[in-house]
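Heads up: the sequence shown at position 228 corresponds to 228 in the numbering used here, and the numbers run straight through without jumps. These notes concern the structure reproduced below.
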Amino acid sequence: MTKYNIALLAGDGIGPEIMAQAVKVLKVIEARNDVELNLMPVEFGASAWFKTGSSFPRESIEACDKADAILKGTIGLSHEESKQIPIEEQPERGALLPMRRRYDTYANFRPVYLPTGLSHFSPLKPEVIGDGLDLLIIRELVGGLYFGKKETGVNEDGLRYARETLEYDEDQIRRIVEIAFQSAMKRKKKLHSIHKSNVLKSSILWTDIVGEVAKGYPQVEVEHILVDAAATYLCLNPGRFDVMVMENLFGDILSDQAGGILGSLGLMPSACVGPEKAYYEPSHGSAPDIAGKNIANPYAMIGSVAMMLEMSFGMDEESRNLWAAMQTVFANGFSTADLSKADTGMNLVSTDVFGDKVVEALGR
Ligand code: IPM
Ligand code: MN
Numbered sequence: 001m002t003k004y005n006i007a008l009l010a011g012d013g014i015g016p017e018i019m020a021q022a023v024k025v026l027k028v029i030e031a032r033n034d035v036e037l038n039l040m041p042v043e044f045g046a047s048a049w050f051k052t053g054s055s056f057p058r059e060s061i062e063a064c065d066k067a068d069a070i071l072k073g074t075i076g077l078s079h080e081e082s083k084q085i086p087i088e089e090q091p092e093r094g095a096l097l098p099m100r101r102r103y104d105t106y107a108n109f110r111p112v113y114l115p116t117g118l119s120h121f122s123p124l125k126p127e128v129i130g131d132g133l134d135l136l137i138i139r140e141l142v143g144g145l146y147f148g149k150k151e152t153g154v155n156e157d158g159l160r161y162a163r164e165t166l167e168y169d170e171d172q173i174r175r176i177v178e179i180a181f182q183s184a185m186k187r188k189k190k191l192h193s194i195h196k197s198n199v200l201k202s203s204i205l206w207t208d209i210v211g212e213v214a215k216g217y218p219q220v221e222v223e224h225i226l227v228d229a230a231a232t233y234l235c236l237n238p239g240r241f242d243v244m245v246m247e248n249l250f251g252d253i254l255s256d257q258a259g260g261i262l263g264s265l266g267l268m269p270s271a272c273v274g275p276e277k278a279y280y281e282p283s284h285g286s287a288p289d290i291a292g293k294n295i296a297n298p299y300a301m302i303g304s305v306a307m308m309l310e311m312s313f314g315m316d317e318e319s320r321n322l323w324a325a326m327q328t329v330f331a332n333g334f335s336t337a338d339l340s341k342a343d344t345g346m347n348l349v350s351t352d353v354f355g356d357k358v359v360e361a362l363g364r
């Protein structure tokens, strides 16, 4: 029997509620496959800081080091509550970015997927949505402005200033671009490279590297598109995209926009993959306004489990079963209050009940 260690980082806000649904699903998977899933829940985020004085405590780091995969919920507090935590220890800077750096999780996969049956979630008109949405955003996750040199101070004119650096070397670009071409080969063999080379030198280098890597993938049709234009086309005609690859900050922004065209970031799971380790997380935040109310949809969290099954454990079939189970729950008319309004004819159930229904559908 294969044993997998999974570190569970439930985090803050709605994190624990949606993580509980992920655990239910993992129990089903474990029970009917020849695997042992050793679940290791550990502290992470603002809640960890309040308990231990660190948002990524030593024991949590050790558990993640040992883990075959990391499953993360959500982190972050309301703006007011965050102020109690020193800036460097706030969960984004004190936990999430250090984790990305520690495991060098440079490849962030954010599938933007809405089958025809779920297109009613999208704010786009039916004629724009067509048969639903199915594209894949690949975001470089450990470079660029997020990790560049930072400096603040007072300049010669006595003005406060802040300086941050956007830096990529060719190897950092090449490895993410390779991943994008490999993904394109598995899908429609169409790749959009997102850039801003009319302004940024880093984008000129990016575009050059894409050209070089493209020589190894002659079957893939490559289109270079400016990031601002890409934002427009995501709304006007998302169907023109299949795989999109971009640097860190562009990916942060365009993936949230993609969540918007899905209808909610609650419909976007993600995988963050490094050379040796990967972690999986919903793309959305901790939603402090609805935390504890048992109304958050666990779709992105459970979808992240599906991505983990496929990408870290090679359990492709169970991964597909899990996606199908979630679609079944929606198709049967169930949703949660954060995703659907009361007047849409959907039967609004709690986070817990939604999780139970996924488990039920998975068992069939
Ligand atoms: C995301 C989030 C993070 C990011 C925040 C929480 C630091 O918005 O994963 O997209 O900006 O990368
Ligand atoms: Mn983001």
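For every residue, glycine included, the Cβ atom is placed at its ideal position computed from N, Cα and C.
- About 13 Å separates the CB atoms of ALA95 and ALA7; that is not less than 8 Å, and the two are not in contact.
- In the DSSP assignment, MET307 falls within the alpha helix (DSSP H) that extends over 299–311.
- According to the DSSP assignment, MET99 belongs to the alpha helix (DSSP H) that extends over 97–102.
- In the displayed model, SER193 falls within a strand according to three-state DSSP.
- Within the region 49–117, the runs of beta strand (DSSP E) at least 3 residues long that lie entirely inside it are, in chain order, 69–74, 107–115.
- If you draw a 10 Å sphere on the C-beta of GLN219, you find fewer than 16 other C-beta atoms in it, and that means exposed.
- With a 10 Å radius around the Cβ and a threshold of 16 neighbouring Cβ atoms, GLU140 comes out buried.
- Partner residues in the beta bridge of TYR161, as assigned by DSSP, are GLY153.
- One alpha carbon belongs to THR116, the other to LEU262, and they sit about 12 Å apart.
- Here DSSP, grouped into helix, strand and coil, assigns HIS284 to coil.
- Distance from ILE302 to LEU322 at the Cβ level is roughly 7 Å; contact confirmed, criterion being Cβ atoms closer than 8 Å.
- Taking the CA atoms as reference points, LYS51 sits about 14 Å from LEU9.
- Boundaries of the beta strand (DSSP E) harbouring ILE6: 2–11, taken from the DSSP string.
- The set of residues whose C-beta lies within less than 7 Å of a heavy atom of ligand 2 reads, in chain order, ASP252, SER255, ASP256, SER283.
- Under DSSP, LEU135 forms a beta bridge with VAL112.
- Where ASN248 is concerned, the enclosing alpha helix (DSSP H) starts and stops at 248–262.
- As the crow flies, the alpha-carbon of TYR217 is around 7 Å from that of PHE181.
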